[in-house]
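There are 2 protein chains.
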Amino acid sequence: MHIYNAPLSDMRFLLTDVFDAPSFWQANDSLNHIDMDTVDIVLESLSKFTKNVLLPLNRSGDEEGVGFSHDEEGYGAVSTPTGFKQAYEQYKEGGWVGLGATPEYGGQGFPKMVSMFQEEMMFSTNQAFALYPNLALGAGLCLLKSASETQKDMYLEKIYAGEWAGTMCLTEAHAGTDLGLIKTKAVPNEDGSYNITGSKIFVTGGDHDLTENIIHLVLAKTPNAPAGSKGISLFIVPKYLIKEDSYGDHQIGTRNTASVGAVEHKMGVKGSATCVLNFDKAKGWMVGEEFTGLASMFLVMNYERLAIGMQGIAVTELAYQNAAAYANDRLQSRSDSGIKNPDKSADALIHHADIRRMLLNAKSHAEVSRCFAMYVAKQLDIAKYSDDKQLIATANARVALLTPITKAFLSDKGFEATVDCQQVFGGHGYICDAGMEQIVRDARIAQIYEGANGIQGLDLLGRKVAKDSGAMLFDFLTEIRRFIANMQADHGIKQATLKAADNLECLTKILLNNMSERKDDVNGCAVNYLHATGYLCFAYMYAMMVAASQHKEGVFYANKLKLADYFIDHILPRMQMHMELAQAGSQSMMAFDLAYFEPA
Amino acid sequence: MHIYNAPLSDMRFLLTDVFDAPSFWQANDSLNHIDMDTVDIVLESLSKFTKNVLLPLNRSGDEEGVGFSHDEEGYGAVSTPTGFKQAYEQYKEGGWVGLGATPEYGGQGFPKMVSMFQEEMMFSTNQAFALYPNLALGAGLCLLKSASETQKDMYLEKIYAGEWAGTMCLTEAHAGTDLGLIKTKAVPNEDGSYNITGSKIFVTGGDHDLTENIIHLVLAKTPNAPAGSKGISLFIVPKYLIKEDSYGDHQIGTRNTASVGAVEHKMGVKGSATCVLNFDKAKGWMVGEEFTGLASMFLVMNYERLAIGMQGIAVTELAYQNAAAYANDRLQSRSDSGIKNPDKSADALIHHADIRRMLLNAKSHAEVSRCFAMYVAKQLDIAKYSDDKQLIATANARVALLTPITKAFLSDKGFEATVDCQQVFGGHGYICDAGMEQIVRDARIAQIYEGANGIQGLDLLGRKVAKDSGAMLFDFLTEIRRFIANMQADHGIKQATLKAADNLECLTKILLNNMSERKDDVNGCAVNYLHATGYLCFAYMYAMMVAASQHKEGVFYANKLKLADYFIDHILPRMQMHMELAQAGSQSMMAFDLAYFEPA
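Protein chains in written order, with the numbering used here: chain L, 11 to 610; chain X, 11 to 610.
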């Protein structure tokens with residue numbers, strides 16, 4: 011079985027030393043009941059729950075996968091892997107589902123800077139399991155932001171209590187990235203409801219046996235809706251309709267005509283049900299105004315995409331811990347710098363520099379990404395809780411700019427890290443028993459779903475940078491330079507970060523200039539631009555961590571400084587490569603005729 | 011089902027335009043019966059066989075995996091996936107097993123420059139299937155190089171005819187990279203045979219139902235053998251003993267006491283049986299002299315590791331073809347540079363530059379790696395068939411230097427390419443139905459087995475470069491510079507290659523200098539040094555392909571030049587990054603105390 015110990019020290023380091031979350035909480039009326047003592051209890055409880063309850067189901071859930079059958083009425087029905095239901099009961103009973111949800115609807119109101127670690131621990135120990143409540147919370151947040159008061163009253167308490175789950179039904183077979191192409195229809199009834207008809211794919215948690223009801227949020231088109239993404243509306247389509255006379259206590263009634271058509275067989279996260287959902291005149295209720303469906307979905311994207319970034323961190327942490335343990339135990343060959351275990355016939359892997367290279371790549375990724383995720387979470391919290399308009403505006407700008415990086419860069423580097431950690435195991439890494447190959451398979455999805463990483467690149471370069479001629483980015487660079495200028499510490503990260511910021515500014519101006527002429531350059535440069543920006547963000551985060559660690563006693567802080575050294579030597583040089591690749595533009599990509607890519 | 015069309019045009023381009031293989035064959039007595047007409051027939055037949063017979067079994071073999079049971083006598087018995095046995099019969103009856111084997115023992119004597127494509131097509135269409143005959147040929151080659159005449163007479167014809175298979179039994183549970191730690195014992199009997207006792211793991215094709223016998227080549231230690239790798243000997247341990255009175259017609263007799271203890275469940279290549287093999291006083295016969303076991307194995311490593319490189323090419327080709335087809339078909343979003351399919355609601359993916367970026371990364375890898383593999387295959391052929399001592403010495407030096415790059419760089423880039431091609435499919439790429447996730451899982455093994463890629467780095471930098479102070483590398487650089495100097499063509503690849511060669515020379519001298527002081531630097535720099543060297547090799551190969559394409563008519567050649575442009579813009583810049591990472595050395599890796607890596 012995997013080993014896992016939640017990195018509580020690192021979490022505390024970020025909350026206190028780096029971001030001084032308690033001061034922020036103290037200064038804020040909605041948060042001043044929260045302090046580090048409370049947070050410690052929460053994190054430690056979650057650490058035990060995830061380790062003791064979710065982790066033991068991680069591999070068995072992968073091996074067993076989800077079951078699919080038809081119930082007596084002919085509806086498709088998904089059963090989760092053995093143990094998931096009991097674990098979910100425990101999770102629900104513990105009140106964990108609504109940890110970060112608003113108290114107005116029964117949530118515990120913890121800020122994102124705390125609930126992000128709930129996500130991390132859950133995704134580390136059982137990504138497939140964690141997706142069920144994660145999607146429910148996404149649906150909840152979407153309702154909170156866009157639904158009517160009546161709708162919120164009807165659904166949110168149940169969702170935040172974990173009694174009902176939720177889904178996001180966006181993709182159709184022919185419409186993924188391009189949601190404007192969806193065909194699902196919503197025909198109005200006289201009572202104000204709609205009949206929803208169509209077929210959705212890739213619905214995470216589209217059905218399961220964990221909750222008595224599932225609230226599907228479905229993108230569909232009303233009659234005479236304009237073509238493309240401007241004609242999309244959003245609908246609530248519960249698996250079971252709510253009894254009309256029971257709105258107060260939310261009893262479920264008739265089965266709605268939404269049914270699972272199939273469950274996908276996937277590379278990983280096999281314990282998570284990825285469903286084809288067929289809607290056959292299913293009863294639905296519009297959320298918000300007509301044609302605002304995409305906008306409503308996008309209101310929750312920042313949170314959802316941070317969650318995907320957390321998956322990248324989570325799999326990295328799990329993979330690292332297991333690979334480091336293996337490297338400590340496994341004896342193989344002698345160290346190049348002299349025998350380390352003279353009593354044994356070989357030295358432990360950890361004495362070989364190449365093994366350390368792979369482990370430190372992962373370790374660095376886990377820690378710097380965690381710091382970056384908290385930076386973004388803090389902006390989300392400021393935007394949500396602050397009453398300072400200027401602070402809110404800046405926070406929103408940072409979130410807009412950094413969300414695609416959070417999603418794509420953290421998941422890309424997370425996949426890379428799990429592959430590195432698998433490699434530490436040699437041949438054993440390829441064998442299912444060791445558990446590493448599952449981590450790699452599970453990690454892979456984060457690069458794909460919730461907007462494939464190429465799309466995140468386009469979002470960053472096309473929408474967030476190009477649209478305002480880089481203003482939002484340049485403002486962020488100013489923040490970075492100001493931080494470095496104010497740093498007391500003397501460490502190579504200062505110079506490295508400044509240089510990275512200058513380089514990115516220069517690259518951005520070149521790209522902005524080129525794009526006006528070469529229309530395909532946004533698309534051709536986007537992914538490498540995102541990676542270059544990601545490494546700058548990482549440098550900034552290391553600068554923050556160095557600033558918080560220097561002149562402090564103890565091996566924990568000393569190691570933070572060493573990891574920053576490693577980052578400068580062995581990670582940051584990648585930024586230059588991505589800059590060059592971005593700068594090369596799209597010309598040599600577009601030089602080929604279409605026929606070149608056609609099958610022979 | 012996967013689509014696949016063997017890249018015959020590219021294979022012919024390499025054989026004729028780039029390497030002028032026919033001239034080499036003509037000039038050589040052992041090869042002058044081979045011409046391009048014959049080779050065309052061979053390649054086309056193989057292309058049909060692999061496409062029509064092996065490809066349809068690729069996914070079903072992955073889904074079904076191998077069966078494991080116990081026979082009446084209690085021996086573990088592996089059954090291959092449905093259809094493998096019939097396919098193997100066809101393959102064997104076609105005389106394909108011994109295509110590249112020596113005619114002295116019934117082989118068809120085709121040079122490596124041709125049989126490498128047999129490997130490619132088979133690995134593309136069914137990597138799991140291909141491993142069975144591939145391992146048999148490895149065992150055959152090992153016997154050819156090191157066994158006695160009697161042993162060769164007894165086994166080689168059967169192996170090359172495909173009647174008997176073969177395995178390599180090296181790894182033990184505690185001894186992978188470090189084979190000096192093996193514990194399997196070989197105790198001499200009075201009749202000259204040995205009793206082999208021990209347990210081997212990761213034995214590819216350790217048992218199966220494709221052939222009537224399997225010839226295991228087993229590393230073991232004789233009594234009183236010196237400790238470590240110097241005490242290892244090699245033994246022939248047939249699954250069924252050969253009837254003593256039937257040496258002429260090789261009838262199999264008594265079952266030997268070697269039995270499969272378990273079959274591993276793996277991330278991929280699930281149709282290939284990876285076995286635990288238990289030897290319980292199994293009868294074995296020593297190959298070559300006592301204590302030369304590792305040396306005998308290493309004699310075939312160059313061929314085996316080229317085969318792994320071919321796997322990297324093969325999975326890339328398969329992934330590319332499927333991703334390109336998808337990108338042509340799938341309509342999603344509009345092109346940034348204007349609507350391309352006004353009659354449709356969206357443009358095909360292939361119009362988006364980011365999709366081309368991923369496809370061209372794969373396409374470039376497939377073509378330049380194929381060229382590089384042929385460069386190495388040509389050196390192997392020169393070393394084997396030439397009678398010019400100077401040419402042979404140079405060829406052997408090139409093979410020694412480039413084998414670790416062939417194995418590791420081609421498999422690393424192959425995995426990367428399959429991941430890119432999976433990404434082209436978006437969410438569909440994660441679903442088993444699309445077949446892309448299998449390619450990724452299958453591709454991953456090549457980075458691990460046959461000497462994990464980290465070990466290849468050590469082989470290159472530690473053994474091949476450092477040991478002779480870089481002489482072998484510098485001689486290769488001289489060849490590259492001479493080639494560029496003689497190039498008639500006018501293309502950016504000339505300058506790019508020269509610069510890459512200069513940079514690598516400079517890096518090599520720095521590393522050689524550092525290593526004497528910093529012992530861990532070999533280990534800490536090896537992988538990045540290997541990648542830097544790999545990109546130089548790729549630049550050289552592109553120079554060769556450009557030289558062979560310029561001033562020629564036709565779109566095929568024009569596209570080769572365009573792909574070289576793409577390489578310069580979007581691939582070669584990676585070399586600089588790996589140089590910087592290599593140059594950073596091992597200091598910041600080794601700065602951490604051991605405790606840092608211990609579980610919390």
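Ideal placement from N, C-alpha and C gives every residue a C-beta, glycine not left out. It should be emphasised that the depicted structure is a prediction, and the values quoted were computed from it without experimental measurement.
Three-state class that DSSP yields for residue i in the structure shown
i	result
residue 284 of chain X	strand
residue 480 of chain X	coil
residue 243 of chain X	strand
residue 554 of chain L	helix
residue 271 of chain L	strand
residue 48 of chain X	helix
residue 343 of chain L	coil
residue 607 of chain L	helix
residue 146 of chain X	helix
residue 299 of chain X	coil
Integer Cβ distance of residue i from residue j, believed to fall under 8 Å
i	j	result
residue 170 of chain X	residue 86 of chain X	About 27 Å separates the two Cβ atoms, so there is no contact after all.
residue 425 of chain L	residue 457 of chain L	6 Å
residue 375 of chain X	residue 591 of chain L	Incorrect: roughly 15 Å between the Cβ atoms, too far for contact.
residue 214 of chain X	residue 284 of chain X	6 Å
residue 292 of chain L	residue 247 of chain L	5 Å
residue 232 of chain X	residue 196 of chain X	5 Å
residue 18 of chain L	residue 128 of chain L	In fact, because the Cβ distance is near 13 Å, the residues do not count as touching under 8 Å.
C-beta contact flag for residue i and residue j at 8 Å
i	j	result
residue 390 of chain X	residue 122 of chain X	yes
residue 319 of chain L	residue 404 of chain L	no
residue 366 of chain L	residue 360 of chain L	yes
residue 608 of chain L	residue 136 of chain X	no
residue 450 of chain L	residue 429 of chain L	yes
residue 410 of chain X	residue 464 of chain X	no
residue 229 of chain X	residue 242 of chain X	yes
residue 271 of chain L	residue 209 of chain L	yes
residue 331 of chain L	residue 14 of chain L	yes
residue 323 of chain L	residue 54 of chain L	no
residue 441 of chain X	residue 184 of chain L	no
residue 10 of chain L	residue 448 of chain L	Here chain L has residues from 11 to 610 only, and residue 10 of chain L is not among them.
residue 181 of chain L	residue 194 of chain L	no
Element boundaries [alpha helix (DSSP H), containing residue i]
i	result
residue 303 of chain X	303-339
residue 195 of chain X	Note, residue 195 of chain X: premise wrong, no alpha helix (DSSP H); beta strand (DSSP E) at 195-198.
residue 587 of chain L	583-593
residue 504 of chain L	502-527
residue 21 of chain X	18-22
residue 117 of chain L	No alpha helix (DSSP H) contains residue 117 of chain L, which DSSP labels as neither H nor E.
residue 406 of chain X	399-434
Bridge partners - residue i, DSSP secondary structure assignment
i	result
residue 133 of chain L	In DSSP, residue 133 of chain L forms no bridge with anything.
residue 204 of chain L	L:198, L:294
residue 265 of chain X	X:250
residue 1 of chain X	No answer is possible for residue 1 of chain X: it lies beyond the span of chain X, which begins at 11 and ends at 610.
residue 80 of chain X	X:86
residue 441 of chain X	L:276
residue 214 of chain X	X:284
residue 289 of chain X	X:208, X:268
residue 383 of chain X	For residue 383 of chain X, which the question treats as bridged, DSSP gives no partner whatsoever.
Under 9 Å by beta carbon: chain B residues contacting residue i
i	result
residue 337 of chain L	As a matter of chain content, chain B is missing from the structure shown, whose protein chains are L and X.
Unbroken beta strand (DSSP E) run spanning residue i, endpoints
i	result
residue 223 of chain L	223-231
residue 176 of chain X	174-179
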